[in-house]
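Undergrad: Just so you know, my numbering puts the end of the sequence shown at 259, numbered straight through with nothing missing. Got a structure here, written out as structure tokens. Questions coming.
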Amino acid sequence: MSSDDSSNERMNFQLLLRRRGIVDHAVLKAMDEVPREEFVEAGTREEAYADAALPIACGQTISQPFVVAYMTEQLRLRPHHRVLEIGTGSGYQAAVLSHLAAEVVSVERFRTLADRARLRLQRLSRDNVEVQTVDGYDLPDELGLFDRIMVTAAMEAVPDELLGRLTKEGILLAPVGPQQGTQMLTRFTRSADGVAREDLLEVRFVPALRGIARQL
Ligand code: SAH
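Here it is as structure tokens:
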């Protein structure tokens, strides 16, 4: 592909995100700065900037770009935030988050995916991201609290322990619903009065499963 083709492709990518309603300039800039072709499988690079989810290793998927941008926007990030992502997958969402927050911890239950994502993120010098092979349903205490949590796998319900990982005014975003079919992207916002819950958008994610995957 020539450099003209690739800059056209990047421009169309920005247009498609704007057309779908993404308005936050910092989010659009982060989406522009992360080369999605580095996060997809070799056979699907031609489709890296189409608005579609694509298959990655271990039977998982890299999310559709609009959904990545939308979730990032709805997380209301500030530059000083410490962020947790559950479901590293390719590492693409973590890379986008790393442009907008101070620190990102991303956890993945497949060691293969975690190892590959870590390498990609290192290659792109995303030095404020740490990838760990950890079950998001069983987070080690040492990980501490987070200003923002983004779950990128479908949960039938968000466990209270996970909401307990939020700082005082923290926000958690998760696709909530059945493992098959569609889920409701839900935003949980913590305050002194408790946790407020808002439905945002119907989405379709692969399921969040318990335990570290036995398959590599
Ligand atoms: N955010 C990813 C896409 C996520 S796909 C990206 O940008 O590419 C969902 C991922 O969540 C899969 O890789 C799956 O293995 C992982 N996952 C599912 N259940 C999990 C759990 N309990 N803990 C950690 N990761 C989990």
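Ideal Cβ placement from N, Cα and C applies to all residues, glycine included.
Using the Cβ count rule (16 or more neighbours within 10 Å means buried), how would you classify Leu58?
TA: Exposed is the call here.
Undergrad: Look up Leu127 in the DSSP assignment and give the residues it is bridged to.
TA: Note: Leu127 sits in a beta bridge opposite Val148 and Ile192.
Undergrad: What residue ranges within the segment 149-217 form continuous beta strand (DSSP E) runs of no fewer than 3 residues, ordered along the chain?
TA: Entirely contained in the segment 149-217, the beta strand (DSSP E) runs reaching 3 residues are, in chain order, 172-176 and 189-194.
Undergrad: If you check the beta carbons only, do Asp170 and His124 fall under 7 Å apart?
TA: Not a contact, by the Cβ cut-off of 7 Å.
Undergrad: Pick helix, strand or coil for Phe248, following the three-state DSSP scheme.
TA: Coil at Phe248, not helix or strand.
Undergrad: Is the distance from the Cβ of Ile105 to the Cβ of Val83 below 7 Å?
TA: Closer than 7 Å, so yes.
Undergrad: Using a Cβ-Cβ cutoff of less than 7 Å, which residues in the same chain neighbour Ala91 once the five nearest sequence positions on both sides are dropped?
TA: Around Ala91: Arg79, Glu80 and Val83.
Undergrad: Is it buried or exposed, Ala217, if we count other Cβ atoms within 10 angstroms and call 16 or more buried?
TA: Classification for Ala217: buried.
Undergrad: Does Gln136 have its Cβ less than 7 Å from a Cβ in chain C?
TA: Within the model displayed, chain C is absent; a lone protein chain is all it includes.
Undergrad: Hey, would you say the C-beta of Gln103 is under 6 Å away from at least one heavy atom of the ligand NAP?
TA: Absent from the structure shown: the ligand NAP. Ligands present: the ligand SAH.
Undergrad: Pop quiz: Val110 and Val246 are said to be a contact at Cβ under 8 Å. What is the actual Cβ separation, rounded to whole angstroms?
TA: Contact flag correct, Cβ pair sits at about 6 Å.
Undergrad: Is it the case that the segment 165-185 contacts the segment 128-142, given that we only count it when at least three CB pairs across the two stretches are under 8 Å?
TA: Yes, since at least three Cβ pairs between the segment 128-142 and the segment 165-185 fall closer than 8 Å, the two stretches touch.
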